[in-house]
Structures are given as C-alpha cells and as structure tokens.
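Peer 1:
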Amino acid sequence: MEFLFFAALGWWGTRYPGWWKSFRKSKPQPIPWKPETEPWFYVVISAVGIGVGVASGLSFSNTIANNAFFAGRGLIASGLFSFAASNLLTGIASLLMKTQNQ
Numbered sequence: 011m012e013f014l015f016f017a018a019l020g021w022w023g024t025r026y027p028g029w030w031k032s033f034r035k036s037k038p039q040p041i042p043w044k045p046e047t048e049p050w051f052y053v054v055i056s057a058v059g060i061g062v063g064v065a066s067g068l069s070f071s072n073t074i075a076n077n078a079f080f081a082g083r084g085l086i087a088s089g090l091f092s093f094a095a096s097n098l099l100t101g102i103a104s105l106l107m108k109t110q111n112q
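For the sequence shown, counting from 1, position 55 maps to 65 in the numbering used here; every step adds exactly one.
#1: When the Cα atoms are used, what is the spatial distance from residue 56 to residue 50?
#2: Cα-Cα, which of 64, 52, 82 and 95 is closest to residue 12?
#3: Would you kindly check if the distance between the Cβ of residue 74 and the Cβ of residue 20 is under 8 Å?
#4: Go ahead and label residue 70 buried or exposed: buried means 16 or more other beta carbons lie within 10 angstroms of its beta carbon, across all protein chains shown.
#5: Leaving out the 5 sequence neighbours to the left and right, which residues in its chain are closer than 6 Å to residue 80 when beta-carbon positions are compared?
#6: Output the distance between the C-alpha atoms of residue 78 and residue 85, rounded to the nearest integer angstrom.
#7: Does DSSP put residue 82 in a helix, in a strand, or in coil?
#8: To the nearest angstrom, how far is the alpha carbon of residue 58 from that of residue 100?
#9: Report the rounded CA-to-CA distance for residue 76 versus residue 82, giving the unit in angstroms.
Next up, the structure:
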C-alpha cells in the first residue's frame, strides 16, 4: 500500500510542460490552436513523476523509520517528501524538455 500511495503522490506532484503558462494572463491568440508537437512529453513526465515519487517516498520512509521525531507521522512525512520531490524534479525536467524543443 505504501508503494501505491507514493506512486499516487508522485503522479499528483507532476508538473506538465507549460505549467507556468497558467500564471500569465491569457490573451486571444490570432493563431488557431494546434496540437502539441510531441505528445509523448506528458507520458514521459508522468512516468518520471511516478518513479521519483516512489523512490523518494520509500527512501525517506526507510531513513526515518527509527527516528523518534517522526513517530506516528512517518507515512505522512514520507508522502509529503514524495510529492515535493516529484514536483521539483518534474518541474525541472519539463522546463528542460520544453527549452530543448524551442
């Protein structure tokens, strides 16, 4: 169950390519919408997010297993670490993949 929990949090922490565009004010564009040139970006970023989430969650869980500070809160702390690690690494990966494409 821990494995599935970390996989879900890793996927939820995924930042898809172009996530920063939601912060800009959208203006009507004269060019009609066209599909993404590389649709496999989303699949790769999702797989990276799930993998990073599972790896970081399990490693953090094993690291804090006998720590008294995290007593009773180990799964929650590991889940938050899994989410944060996935969010950080997939954000960097999506930026690198997007800048490489331009």
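Cβ coordinates follow ideal geometry from the N, Cα and C atoms, glycine included.
Peer 2: The short version:
#1: 10 Å
#2: 64
#3: no
#4: buried
#5: 74 and 87
#6: 14 Å
#7: coil
#8: 7 Å
#9: 11 Å
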